[in-house]
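Student: Residue numbers (the working numbering), protein chains in the order written: chain F, 1275 to 1538; chain B, 14 to 295. Positions of the beta carbon are idealized from the N, C-alpha and C atoms, including for glycine.
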């Protein structure tokens, strides 16, 4: 199933044109006296675009983007660091892992959104309550991956390294660490995504700045155009971050075979 | 045939009383499988490998050949008996031995060159020196231009060559090989066999080579040892191979003496192979 790249792009654009066309049509052209997509509830694509442009031109958006980005990055960095450290520790100390196992499972089973109010009470309405929510999401993904990565080091690679005469410390540096990192990076997209979810959801529930706050504000005054504009910017923001993560991943995991059917 | 075969190693003959490089005396190996009686993989058995001697262990699948090798490496503690390396009892891992595994044992996150160099670096060699020596060894195994490749970018045969370089770069006195060329195709196996013999001829290490391929064993070895089918496998045959060296592992198979030896050993091995499969038959 091969398709010419130009043709593919054309079809992809066609989907957008049809969807937006339908939206614009439903919101502005009455069919049999009623609007299919009443403007009050659905706004119109043109208005949404205008609002997006206006947000950027007036410069108000930058502050919100910056806040959300800061929260995402902090949540990712703190959550990953904690996940790597504890994942490693547990994997090397099976008894410790066994003791904590039910509690780890319990906390992980909890939908993290319910922690948001607690974080707000503890950390206030500033960025740290959002960072904490993001950390609580990122930590478990990284933790489980690193734990798995250390546990599932190929026994042959390990035996080979031991036969070479590696000490525990050298095994850590040359075998366990790279293996755990590779598992962590394989979940990079997911964990960055969750860091962002934590930030936006946190903002949505109570904040004074950020993309989530922006959307929540618009919703509060029935400004559907504002909600859609916020969503559009958020989606674009996620795509850009995702693109950056892919670039980093390709740099760090050159030693990995490419999965079939994909390319760098 | 009994006048065979052991040439003194290149670096001067060991004295008559010199202890063997590897001495397995009354080694027994058992595995505990939960809920079952102790599985006795290898019954008490003895095997000596002299310095500079190339010994192959041949036997049906699952007979415990690899466990003997692991006991020699110190990766597995035998349930009974003694392992001595150059006369000294083995405690912990065997630091004198290099081990070439059947499966891929290269670190996938390191390039071929780094995989070889790390073997020296962990011993305290400076990185620049380690890299230079590693490059030398890659050249010896015919991969001089492949140093910057990662293992997944190499073919199975090339990965084995890197593995060989990784083991030999440390200059171990004993070489343990567990069906190292097992996963390779027939032509590549012969090429690898010849490469191994050429490298071995330079300093004649003691080699313990496990294989299920009798032809390969005869082509490479000074002695071929036959193990019986497990459980409670033991050594049931010990055949000196008096073929002249240096050998080409492909050409040697056309030698009439090769056929004679093959027939002689196969007659004994056949019975064991049949036993292994006979038990599973309905």
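(1) Just confirm the distance between the C-beta atoms of residue 1413(F) and residue 1492(F), as a whole number of angstroms; I'd bet it's less than 8 Å.
(2) Is there a Cβ of chain B sitting closer than 8 Å to that of residue 1433(F), yes or no?
(3) Give, in chain order, every residue of the region 145 to 157 of chain B whose Cβ lies closer than 9 Å to some Cβ of chain F.
(4) Considering only the alpha carbon of each residue, which of 1376(F), 1431(F), 1346(F), 1495(F) lies closest to residue 1408(F)?
(5) Say whether chain F places a C-beta atom closer than 8 Å to the C-beta of residue 135(B).
(6) Per DSSP, what are the beta-bridge partners of residue 190(B) in this structure?
(7) Taking buried to mean at least 16 other C-beta atoms within 10 Å of its own C-beta, is residue 1390(F) buried or exposed?
(8) With a cut-off of 8 Å, does the C-beta of residue 106(B) fall near any C-beta of chain F?
(9) Does any residue of chain F bring its CB to less than 8 Å from the CB of residue 131(B)?
(10) Counting only Cβ-Cβ distances shorter than 7 Å, please list the residues of the region 206 to 222 of chain B near chain F, keeping chain order.
(11) Could one say the Cβ of residue 1521(F) lies closer than 8 Å to chain B's Cβ atoms, at least one of them?
(12) So, with DSSP's three-state summary, where would you put residue 241(B)?
(13) Since residue 69(B) is in the beta strand (DSSP E), which residue starts that stretch and which ends it?
(14) Does chain B have any CB closer than 8 Å to the CB of residue 1531(F)?
(15) DSSP has residue 53(B) in a bridge; who is on the other side?
(16) Have a look at 1514(F), 1334(F), 1401(F), 1366(F) and flag the residue whose alpha-carbon is nearest the alpha-carbon of residue 1463(F).
(17) The region 1435 to 1463 of chain F: which residues have C-beta closer than 9 Å to a C-beta of chain B, in chain order?
(18) With a threshold of 8 Å between beta carbons, is residue 1528(F) in contact with chain B?
(19) Got a sec, what are the start and stop residues for the beta strand (DSSP E) residue 96(B) sits in?
(20) Per DSSP, what are the beta-bridge partners of residue 1525(F) in this structure?
(21) For a test of the three-state rule: what should DSSP assign to residue 21(B), helix, strand or coil?
(22) Please identify the residue among 220(B), 273(B), 217(B) whose C-alpha is closest to the C-alpha of residue 228(B).
(23) Leaving out five residues before and five after residue 1350(F) in sequence, what residues of the same chain have Cβ atoms less than 8 Å from its Cβ?
(24) Can you give the Cα-Cα distance for residue 217(B) and residue 65(B), rounded to whole angstroms?
(25) Can you tell me whether residue 192(B) is buried or exposed, with buried defined as 16 or more other CB within 10 angstroms of its CB?
(26) Let's test the definition: count the other Cβ atoms within 10 Å of the Cβ of residue 1276(F) and tell me whether it reaches 16, buried, or not, exposed.
(27) Contact criterion: CB-CB distance below 8 Å. Does residue 120(B) meet it with respect to chain F?
(28) Note down, in chain order, each residue of its chain lying with its Cβ closer than 6 Å to the Cβ of residue 38(B), except the 5 sequence neighbours on either side.
(29) On the criterion of 16 or more Cβ atoms from any shown chain inside 10 Å, does residue 236(B) qualify as buried, or is it exposed?
(30) Can a CB atom of chain B be found closer than 8 Å to the CB of residue 1424(F)?
(31) Three or more C-beta pairs closer than 8 Å, one from the region 161 to 174 of chain B and one from the region 111 to 130 of chain B: is that the case here?
(32) Determine the direct distance from the alpha carbon of residue 1461(F) to that of residue 1360(F), and round the result to whole angstroms.
(33) Just to confirm the assignment, what range does the beta strand (DSSP E) spanning residue 251(B) have?
(34) Please list the partners that residue 1430(F) has in chain B, where partner means a Cβ-to-Cβ separation under 9 Å.
(35) Is it buried or exposed for residue 1330(F), if we count other Cβ within 10 angstroms and need 16 for buried?
(36) Please check the pair residue 118(B) and residue 129(B), which I expect to be a contact at CB under 8 Å, by giving their CB distance rounded to whole angstroms.
Tutor: Taking the structure as given:
(1) One-based indexing of the first chain puts residue 1413(F) at position 139. One-based indexing of the first chain puts residue 1492(F) at position 218. Actually they are not in contact, since the Cβ atoms of residue 1413(F) and residue 1492(F) sit about 31 Å apart, beyond 8 Å.
(2) As a first step, residue 1433(F) is located in the first chain; it is residue number 159 there, counting from the start. So yes, residue 1433(F) belongs to the interface.
(3) none
(4) Within the first chain, residue 1408(F) is the residue found at index 134, counting from 1. The candidate whose alpha carbon is nearest that of residue 1408(F) is 1346(F).
(5) Reading the second chain from its first residue, position 122 is the one you call residue 135(B). Yes, residue 135(B) lies at the interface with chain F (some Cβ there is under 8 Å from its Cβ).
(6) Working through the second chain from its first residue, we reach residue 190(B) at position 177. In DSSP, residue 190(B) forms a bridge with 113(B), 222(B).
(7) Indexing the first chain from 1 puts residue 1390(F) at position 116. Answer is buried; the Cβ neighbour count reaches 16.
(8) Walking along the second chain from the start, residue 106(B) turns up at place 93. Yes, contact with chain F.
(9) For this step, residue 131(B) is matched to residue 118 along the second chain. Taking Cβ atoms only, chain F reaches closer than 8 Å to residue 131(B), which makes this a yes.
(10) none
(11) By 1-based counting over the first chain, the position of residue 1521(F) is 247. Answer no: the Cβ-Cβ gap between residue 1521(F) and chain B never drops below 8 Å.
(12) Counting from one through the second chain, the residue named residue 241(B) turns up at place 228. Three-state result, residue 241(B): coil.
(13) The residue labelled residue 69(B) in the question sits at position 56 within the second chain. Per DSSP, residue 69(B) belongs to the beta strand (DSSP E) from 67 to 71.
(14) Taking the first chain and counting its residues from 1, the one referred to as residue 1531(F) is at position 257. Chain B contact via Cβ: present.
(15) Position 40 of the second chain, counted from the start, is the residue given in the question as residue 53(B). 43(B).
(16) Here the question's residue 1463(F) lines up with position 189 in the first chain. Nearest C-alpha to residue 1463(F): 1514(F).
(17) 1435, 1436, 1437, 1438, 1439, 1440, 1441, 1444, 1448, 1449, 1452, 1453, 1455, 1456
(18) Working through the first chain from its first residue, we reach residue 1528(F) at position 254. It does: the Cβ of residue 1528(F) has a partner Cβ on chain B nearer than 8 Å.
(19) Numbered from 1 along the second chain, position 83 holds the residue referred to as residue 96(B). Unbroken beta strand (DSSP E) run through residue 96(B): 93 to 98.
(20) In the first chain, counting from the first residue as 1, residue 1525(F) sits at position 251. Beta-bridge pairing links residue 1525(F) to no other residue.
(21) Counted from its first residue, the second chain places residue 21(B) at position 8. Because the pLDDT of residue 21(B) is 41, which lies under 50, any placement of that residue in the model is unreliable, and the number read from its coordinates should be weighed accordingly. Residue 21(B): coil per DSSP, three-state reduction.
(22) As a position in the second chain, residue 228(B) is number 215, starting the count at 1. Closest option to residue 228(B), Cα to Cα, is 273(B).
(23) Numbered from 1 along the first chain, position 76 holds the residue referred to as residue 1350(F). The residues are 1408, 1412, 1465, 1466, 1469.
(24) Taking the second chain and counting its residues from 1, one reaches residue 217(B) at position 204. Taking the second chain and counting its residues from 1, one reaches residue 65(B) at position 52. If you take the alpha carbons of residue 217(B) and residue 65(B), they lie about 5 Å apart.
(25) Here the question's residue 192(B) lines up with position 179 in the second chain. Looking at its Cβ environment, which holds 16 or more other Cβ atoms inside 10 Å, residue 192(B) is buried.
(26) Working through the first chain from its first residue, we reach residue 1276(F) at position 2. Counting Cβ neighbours within 10 Å, residue 1276(F) comes out exposed, since fewer than 16 surround it.
(27) In the second chain, counting from the first residue as 1, residue 120(B) sits at position 107. Taking Cβ atoms only, chain F reaches closer than 8 Å to residue 120(B), which makes this a yes.
(28) Mapped onto the second chain, residue 38(B) falls at position 25. So the qualifying residues of the chain are 59, 94, 95.
(29) In the second chain, counting from the first residue as 1, residue 236(B) sits at position 223. Counting Cβ neighbours within 10 Å, residue 236(B) comes out buried, since at least 16 surround it.
(30) Position 150 of the first chain, counted from the first residue, corresponds to residue 1424(F). By this cut-off, residue 1424(F) is not an interface position.
(31) yes
(32) The residue given as residue 1360(F) occupies position 86 in the first chain. The residue given as residue 1461(F) occupies position 187 in the first chain. Computed Cα separation, rounded: 17 Å.
(33) Along the second chain, read from residue 1 onward, the residue named residue 251(B) stands at position 238. Here the beta strand (DSSP E) through residue 251(B) covers 248 to 253.
(34) Here the question's residue 1430(F) lines up with position 156 in the first chain. In chain order: 114, 115, 116, 117, 118.
(35) The residue labelled residue 1330(F) in the question sits at position 56 within the first chain. Exposed, since its Cβ has fewer than 16 Cβ neighbours within 10 Å.
(36) The count along the second chain starts at 1 and reaches residue 118(B) at position 105. The count along the second chain starts at 1 and reaches residue 129(B) at position 116. About 12 Å separates the two Cβ atoms, so there is no contact after all.
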